[in-house]
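Asker:
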Amino acid sequence: MTRDITVGQFLPGQSLLHRLDPRTKIVLTLVFIIQVFVSKSALSLCFLIVLLGVLIACSHVPAKKVFRAVRPMIPVIIFTALINIFYVSGNPVFHYSFIRITDQGLFIGFTLFVRLTALIAGCSLITYTTSLNQLAAGLEQLLAPLKRFHFPVNELSMTLSITLRFLPTIAEELDRIIDAQKARGADLSSANLYKKVHAYFPIILPLFMSAFRRAFELTNAIECRCYQGGIGRTKMNVLRLSRLDYQAIVFFCVAFGLSIAFNLYFPTFF
Amino acid sequence: MSALIETKNLHFQYLHHQSQNEWILNGIDLTIQNGEFIAILGSNGCGKSTLAKHFNALLMPSDGTVRVNGMDTGDEKKQFEIKKLIGMVFQNPDNQLISTIVEEDVAFAPENLGMPPSEIRERVDWALEAVDMFDYKRHTPFKLSGGQKQRVAIAGILAMRPQCIVLDEPTSMLDPKGRTDVMQTICRLNHEFGITIVLITHHMEEAAQAKRVLMMDHGRIAFDDTPERTFEQIERLKKLKLDVPQITELAHRLQQRGIRIPNGMTQVGQCVEALAAALEERYGHH
Amino acid sequence: MAIIELRDISFRYGTGTPFEKQALQDICLSVEHGAFIGIIGHTGSGKSTLIRHFNGLLRPDSGQVLVNNEDIWKHPKQIRSIRFQIGLVFQYPETQIFADTVARDIAYGPKNMGLDQETINQRVREALSFVGLDDSYLDRNPFRLSGGEMRRVAIAGVMAMRPAILVLDEPTAGLDPEGCRNLFDHLEQYRRKTNTAIVMVSHSMEEIAEHVQRVLVLDKGRIVLEGSVPSVFAHAGILNQFGLDVPQITKALLGLKKKGYPVDTSAVTVDQAENELLRLFEGKDDE
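Chains as they are written, first to last, in the numbering used here: chain A, 1 to 270; chain B, 271 to 556; chain C, 557 to 843.
(1) Is it buried or exposed for residue 526(B), if we count other Cβ within 10 angstroms and need 16 for buried?
(2) One question on the structure: do residue 545(C) and residue 729(C) come within less than 8 Å of each other, judged by their Cβ atoms?
(3) When the Cα atoms are used, what is the spatial distance from residue 511(B) to residue 657(C)?
(4) For the alpha helix (DSSP H) that contains residue 160(A), what are its first and last residues?
(5) What are the partner residues of residue 578(C), as DSSP defines its beta bridges?
(6) Is there contact here, the segment 482-497 of chain B with the segment 323-330 of chain B, by at least three beta-carbon pairs under 8 Å?
(7) Is any beta-carbon of chain A found at less than 8 Å from that of residue 649(C)?
(8) May I have a chain-ordered list of the alpha helix (DSSP H) segments no shorter than 4 residues that lie completely inside the segment 32-108 of chain A?
(9) Could you name the residues of chain A that residue 357(B) contacts, counting a contact when the two beta carbons are closer than 9 Å?
(10) Between 565(C), 631(C), 828(C), 666(C), which lies nearest to residue 284(A) when the distance is taken from Cα to Cα?
(11) Determine, for residue 542(B), whether the minimum Cβ-Cβ distance to residues of chain C falls below 8 Å.
(12) For the beta strand (DSSP E) containing residue 276(B), name the first residue and the last one.
(13) Starting from the Cα of residue 714(C), find the closest Cα among 594(C), 808(C), 652(C) and give me that residue.
(14) Considering only C-alpha positions, which residue in the set 133(A), 107(A), 71(A) is nearest to residue 22(A)?
(15) Can you find the residues in the same chain that come closer than 8 Å, C-beta to C-beta, to residue 535(B), ignoring five residues on each side of it along the sequence?
(16) So with Cβ pairs under 8 Å, would you call residue 507(B) a contact of chain A?
(17) Under DSSP, the beta strand (DSSP E) around residue 592(C) begins and ends at which residues?
(18) Can you check whether the CB of residue 335(B) is closer than 8 Å to the CB of residue 345(B)?
(19) Residues in the same chain with beta-carbon distance under 6 Å from residue 6(A), minus the five sequence neighbours each way, listed in chain order, please.
(20) If we define contact as Cβ-Cβ less than 8 Å, is residue 234(A) a contact residue for chain B?
(21) Taking the alpha-carbon positions, what's the residue 393(B) to residue 453(B) distance?
(22) Kindly provide the ranges of any beta strand (DSSP E) runs that are 3 or more residues long and lie completely inside the segment 682-769 of chain C, ordered along the chain.
(23) May I ask you to report which of helix, strand or coil DSSP gives residue 339(B)?
(24) Using the Cβ count rule (16 or more neighbours within 10 Å means buried), how would you classify residue 838(C)?
(25) Could you work out which residues of chain C lie near residue 10(A), taking near to mean beta carbons separated by less than 7 Å?
(26) If I measure Cβ to Cβ from residue 417(B) and keep anything under 6 Å in the same chain, skipping five residues before and after, which residues do I get?
(27) Entirely within the segment 462-530 of chain B and at least 4 residues each: give me those alpha helix (DSSP H) ranges in chain order.
(28) Using 8 Å as the threshold, is the segment 71-79 of chain A in touch with the segment 102-117 of chain A, meaning 3 or more CB pairs across them?
(29) Cβ of residue 221(A) within 8 Å of Cβ of residue 366(B)?
(30) Nearest chain C C-beta to residue 475(B) closer than 8 Å, yes or no?
(31) State the start and end residues of the unbroken alpha helix (DSSP H) segment that holds residue 224(A).
(32) Taking the beta strand (DSSP E) that residue 296(B) falls in, what are its first and last residues?
(33) Which partner residues does residue 434(B) have in the DSSP bridge list?
(34) Does residue 463(B) come within less than 8 Å of chain A when only Cβ atoms are used?
(35) Check whether chain B comes within 8 Å of residue 837(C), counting only Cβ atoms and requiring the distance to be less than that.
(36) Please identify the residue among 780(C), 801(C), 685(C) whose C-alpha is closest to the C-alpha of residue 745(C).
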C-alpha cells in the first residue's frame, strides 16, 4: 500500500522548456524526431548532439535523469546497432570465419546507437517538462480541427483525463484487495500458471466490481455537474502561444534547416 | 418565500411497471423553502438517497411530481436548468473528482456551462475560498485527506452557484477531523451564502445542527420537525432504528429520575448549562 | 501469555525514494487472549500500517513481531500460516467478496488453510452463526444482500479461519446506527464464546468508549497514549492536539467540572454519566 504511483515522470520547474506551450512542445518533439532520422552524416550527427545538449541545458533537467530514461532501452539500441555492424556490406576491416565486419557497418552501427539514444533522450525531455494534464490539453487543442469530421476530441480528452485521475486510485485499491485476500491465506506465489490464474481470480473480480461501482457513481457526479459532452464547453485555462513559443519555433526551423544542409553538403563519413 | 423544491404524491420504484416490489418512495409530499437547512435521517434502505436523487432530476418519479422553482423535473427541456440550481455531493469523494489538479476539477462545472475563462477563474477561486481550500488549488486531489477531498467536491458544486446543495452522507467515510471540517463548511454555506442545504446523514450530532429534521421510514416521511422536537421522541426514534445523541439520551434518563432539565437537547454546551442550572436549583432548595 | 507481541517495531515507506516517510516508530504492544483493544488516531497516523504488521503483510525494518513467542519472520516462507492465526478484516470488507454464494466466499480462508471439505463446511456454518446469519444464507448470492449483511458475511470469512485475534479496521464505517449495534452485539458474543481477542481501529470515540477495554492512541507512527478507556479520555486536551476527540458525554462532564462542580469526569458511556450525575444531584440533596 501507499505505493507512490507517478504516472509519467514530470519534474515541476520554471525552465524555458517548462514554460513553452504544450502544443509547441508536441510539434517540436515531432520535428526533433524527424531531424534524428534525417541526420545521417557525421557533421549533422555532431550537430544533433550539440542541439540535444542545448535542450537539456534549457530544461534544467539533470543530464543523469535524461539518460536514466534511456537506460531501459539500451539493450534494444545495442542489439539494433550490432545487427547493422554485422550485416552492412562495405570494406571489411575484420574477418573471421562467418563473422565479417565492414567499415561502413561499424559507422552505421555507431550512428544508429547515437541517433536512437538522442531520440529517446529528446522525447524524455517533453515528459520531464510537461505534466500529463498539459499534454492532454495540448493534444486536445491540436486535434481540435478534427471535430469538423465528427471526431470526438473533447470526449477523448475527457476519457484521458479521467484515466489519469483514477490510475493511482485503482492501483491503491488493487493493493488493498491483494492484502485482504492474502490476509485470508491467498497464495499468490505459485509458479504453476493455471494455479496462478486461479489464485488471482479473488483479486480481479472485486477489482472489477469496484471499478464498475466507481464508474457508476462518477457518472452521477458528472451529470450533476452539467456535463453534456463537448458541446458548448469552454476552458478555464486557455492555451496561448507566447513570444517564447515563436522563438522556439524559429530556433527549431533554423536547426532543422542546418541539419538538412549538413546532410546535403557534407554527406561523407568523416 | 417561494418553494424551492416541491414534491407531490411522489412514488418511485425502478422499472415500476414490471416490478412487484413495494415502492421505494411511497407518497412523499414535501416542500423545501429557499435558504432552509434540512437533515434527512433514516436507516439504510429507507429511501432517503432515492428521494435526494429526485431533487435534481437524476431520477424521475414513477408517479406524482417534483417541481424545482416551479419547473417539473420530468420536463426534459428544464433538466439542465434544474441541475444548475440543485447541486449534489456524494459519499465517496474519490468518485466525484475528475481531474488530477484541484482547481481544474472545480472548473469542470463552469466549463460545462460554457462560461468565459475569466468568469470561470473567478468562480473557482471564490468556491475554493468558500470551502477553505484555496491554498491547495495546484495540488493533486490524490494526495489530500478525505475531508479535504470532500471539500474540493463541494467547491466543484459551489462553482455552479446553485441555490441548493444536496449532500448524501458526505461525512461517512471521513475521520473526526475531516467530519468536523466538512460540517463547518456546510453550515457556513447555509449561514453566509444562504444556500439551501439538504443533508442526508446517519449521525444524529450532525442532524442536530440543521434547522429542520425529516425522518424517513419505508419510503414515507415519518416525522418532520425541528431537531429539538425530533430528539424529544426518543422511543419513536429507537423504533425507527435510529439513535439519539448521547447528550439527548442522558438528559432523557435524568428527567425520568426526576431531575428537571429540558427535553430534546442536542449540544454539549446546552446540556452543561442546563445541568448547572438544575444543580443550582436543587442546591437552592436547601 | 500474550498471543502477539510487537517489540520496538519501526517501519519506513519508500526507502530511497523522494517519498520516504517514517510510518511507525518504536511500537511496543501485546495482546492477550480475550482482550478487546481499540486503536485510534487520525488519517495517516499509522493505524493501517500497524495492523498490517500483525499478520506479516508488512515486514518491519527493525523490531520483532512475536506470535506465540516466536518471531514470525524467522521463516519468511511460512508467513502464510501466521495469517490464519491473526485474522485481519480490512475497511469496507464487503468489497472483497468474490464468490457466487455466501458459503463459497466464507470457505475461501479455510480452503487456503488446506482443511478437508467436512471441516470447511462446519467452519462456514459456525462463522455464519457468529455474525447472526442463519443457514438459509449459505446458498444466497452475496451481492444481493444488504450492505450490513454483506459486511457480516465478509467478517465471517475471517472468523472461519478461527484466528486467535480478530483485527478489524473501522468495522462500522458506513453502517446505520442499527447496523452498528447489531455488529457489536455479535462481535461481543463471539469474543465471549471463543475467547478470541479483538483489536479494533475506529474513528468513533463513542464506539471505543462503549466497547473496548484498552485504548492505544497513535500519532505520526508512535503510540502517544495508552491505557484504560477512562484514563485515555481523561486527556481531552492532548487528544484534541492529535486531531481526536472525547465522547460527547465526557465533554459534558468536563464542562461541568470547569464550572466548578465536583464531578468525576471518568465516565465515558451514558450509563456511567447517568450514575455519576445522579450521585452529584443526590450528594447536593444531602447537604
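No residue lacks a Cβ here, since even glycine has one placed at the ideal position from N, Cα and C.
Answerer: On the basis of the data shown:
(1) Here the question's residue 526(B) lines up with position 256 in the second sequence. Looking at its Cβ environment, which holds fewer than 16 other Cβ atoms inside 10 Å, residue 526(B) is exposed.
(2) Chain C is shown only over 557 to 843; residue 545(C) falls outside these bounds and no answer can be derived.
(3) The residue given as residue 511(B) occupies position 241 in the second sequence. The residue given as residue 657(C) occupies position 101 in the third sequence. Taking the straight line joining both Cα atoms gives about 29 Å.
(4) The residue you call residue 160(A) lines up with position 160 of the first sequence. Its alpha helix (DSSP H) spans residues 153-183.
(5) In the third sequence, residue 578(C) corresponds to position 22, counting from 1. In DSSP, residue 578(C) forms a bridge with 568(C).
(6) The segment 482-497 of chain B vs the segment 323-330 of chain B: no contact.
(7) Position 93 of the third sequence, counted from the first residue, corresponds to residue 649(C). The beta-carbon of residue 649(C) is placed less than 8 Å from the nearest beta-carbon of chain A.
(8) Here the runs fully enclosed are 42-59, 63-70, 74-87.
(9) What you label residue 357(B) is simply residue 87 of the second sequence in a count that begins at 1. Correct list: 224, 225.
(10) Past the boundaries of the shown model lies residue 284(A); chain A is included only from 1 to 270, so the question cannot be answered.
(11) The count along the second sequence starts at 1 and reaches residue 542(B) at position 272. Interface residue, yes.
(12) Numbered from 1 along the second sequence, position 6 holds the residue referred to as residue 276(B). From DSSP, the beta strand (DSSP E) with residue 276(B) extends over 273-282.
(13) Against the third sequence, residue 714(C) aligns to sequence position 158. Among 594(C), 808(C), 652(C), the Cα nearest to that of residue 714(C) is on 652(C).
(14) Taking the first residue of the first sequence as 1, we reach residue 22(A) at position 22. It is 133(A).
(15) Taking the first residue of the second sequence as position 1, residue 535(B) is located at position 265. Excluding sequence neighbours, residue 535(B) sits near 498, 501, 517, 518, 521, 541, 544.
(16) Your numbering for residue 507(B) matches position 237 in the second sequence. For residue 507(B), no Cβ of chain A is located within less than 8 Å of the residue's own Cβ.
(17) Counting from one through the third sequence, the residue named residue 592(C) turns up at place 36. Taken as a continuous stretch (DSSP letters only), the beta strand (DSSP E) holding residue 592(C) covers 592-596.
(18) Here residue 345(B) is taken as the residue at index 75 of the second sequence, counted from 1. Here residue 335(B) is taken as the residue at index 65 of the second sequence, counted from 1. Remark: C-beta atoms of residue 345(B) and residue 335(B) do not approach each other more closely than 8 Å.
(19) In the first sequence, counting from the first residue as 1, residue 6(A) sits at position 6. Legend: pLDDT at residue 6(A) = 44, less than 50; position of this residue unreliable, no value from coordinates given.
(20) The residue you call residue 234(A) lines up with position 234 of the first sequence. Chain B contact via Cβ: present.
(21) Here residue 393(B) refers to the residue found at position 123 when the second sequence is read from its first residue. Here residue 453(B) refers to the residue found at position 183 when the second sequence is read from its first residue. Just so you know, the alpha carbons of residue 393(B) and residue 453(B) end up roughly 22 Å apart.
(22) Runs of the beta strand (DSSP E) inside the segment 682-769 of chain C: 721-725, 753-757.
(23) Position 69 of the second sequence, counting from 1, holds the residue named residue 339(B). DSSP places residue 339(B) in coil when its eight states are reduced to three.
(24) Along the third sequence, read from residue 1 onward, the residue named residue 838(C) stands at position 282. Classification for residue 838(C): exposed.
(25) By 1-based counting over the first sequence, the position of residue 10(A) is 10. In chain order: nothing, as chain C lies at least about 13 Å away.
(26) Walking along the second sequence from the start, residue 417(B) turns up at place 147. Taken in chain order, the residues that qualify are 444, 448, 451, 452.
(27) Entirely contained in the segment 462-530 of chain B, the alpha helix (DSSP H) runs reaching 4 residues are, in chain order, 474-477, 497-502, 504-509, 516-526.
(28) At 8 Å Cβ cutoff, the stretches touch.
(29) Start at 1 with the first residue of the first sequence, and residue 221(A) comes out as number 221. Start at 1 with the first residue of the second sequence, and residue 366(B) comes out as number 96. Going by C-beta atoms, residue 221(A) is nearer than 8 Å to residue 366(B).
(30) For the purposes of this step, residue 475(B) is taken as residue 205 along the second sequence, with counting starting at 1. At least one chain C Cβ lies under 8 Å of residue 475(B).
(31) Numbered from its first residue, the first sequence carries residue 224(A) at position 224. Here the alpha helix (DSSP H) through residue 224(A) covers 193-224.
(32) Locating residue 296(B) in the second sequence gives position 26, counting from the first residue. From DSSP, the beta strand (DSSP E) with residue 296(B) extends over 295-303.
(33) The residue given as residue 434(B) occupies position 164 in the second sequence. Paired residues: 356(B), 466(B).
(34) Position 193 of the second sequence, counting from 1, holds the residue named residue 463(B). Among the CB atoms of chain A, none fall inside 8 Å of the CB of residue 463(B).
(35) The residue you call residue 837(C) lines up with position 281 of the third sequence. For residue 837(C), the closest Cβ of chain B is nearer than 8 Å.
(36) In the third sequence, the residue the question calls residue 745(C) occupies position 189. Residue 685(C) is the option with its Cα nearest to residue 745(C).
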